[in-house]
Amino acid sequence: MSSPQHIIDFRPCFAMRVAMLEKRQTVRMERKRPIKTGDTLLLYTGLRTPAAQLLARMTCVGVDDIVINEDSMTMGGVLANKPEQLRYFAQLDGFGNWEELVAFFKGHYGELP
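Every letter in the sequence shown is one number past the one before it in the working numbering, and letter 70, counting from 1, is 70.
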């Protein structure tokens with residue numbers, strides 16, 4: 001029996017990093033059908049448009065609850081508030097630094113996840 005498949009759409013600004021496997025994680029709201037470790041992820045950009053493109057097919061290696069604040073985050077119940085921890089997380093998520101990640105979420109969603 002194969003694992004469940006989930007389609008995840010990425011904004012065009014992240015498409016290249018996803019396709020090159022540089023963006024190794026994503027922060028998402030909870031879903032009606034939650035993603036679980038071992039599930040297959042179909043990573044797209046441009047869904048619901050004629051330009052839709054499959055960027056990668058991956059297996060989910062982990063899912064954690066996350067809370068992001070201006071100067072810290074809690075992931076899986078563990079607090080991270082050192083600049084190098086926050087920068088590393090932001091870079092894995094496709095940003096240059098923590099400040100870019102915070103600005104992105106505030107600018108696109110009006111709040112931090």
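The C-beta atom is built at its ideal place from N, Cα and C for all residues, glycine as well. In this text, all values refer to a predicted model and were calculated from it rather than measured experimentally.
The three-state reading of DSSP puts Ala15 in helix, counting H, G and I together. Counting along the chain, Gln91 sits inside the alpha helix (DSSP H) bounded by residues 83-92. A contact between stretches requires three or more CB pairs, one per stretch, nearer than 8 Å, and the stretch 5-14 meets this requirement with the stretch 38-54.
Bounds of the alpha helix (DSSP H) holding Val102 are 98-109. Residue environment for Met20: exposed (fewer than 16 other C-beta atoms within 10 angstroms of its C-beta). A direct Cα-Cα distance of roughly 7 Å separates Glu22 from Gly94. Per DSSP, the continuous beta strand (DSSP E) segment holding Gln53 begins and ends at 53-59. Assigned with DSSP and collapsed to three states, Phe10 falls in strand. Minimum Cα-Cα distance from Val18 among the listed residues Glu30, Ala56, Ala51, Arg33 corresponds to Ala56. In this chain, the beta strand (DSSP E) harbouring Val78 covers 78-80. The alpha-carbon of Ala90 is positioned some 17 Å away from that of Tyr109.
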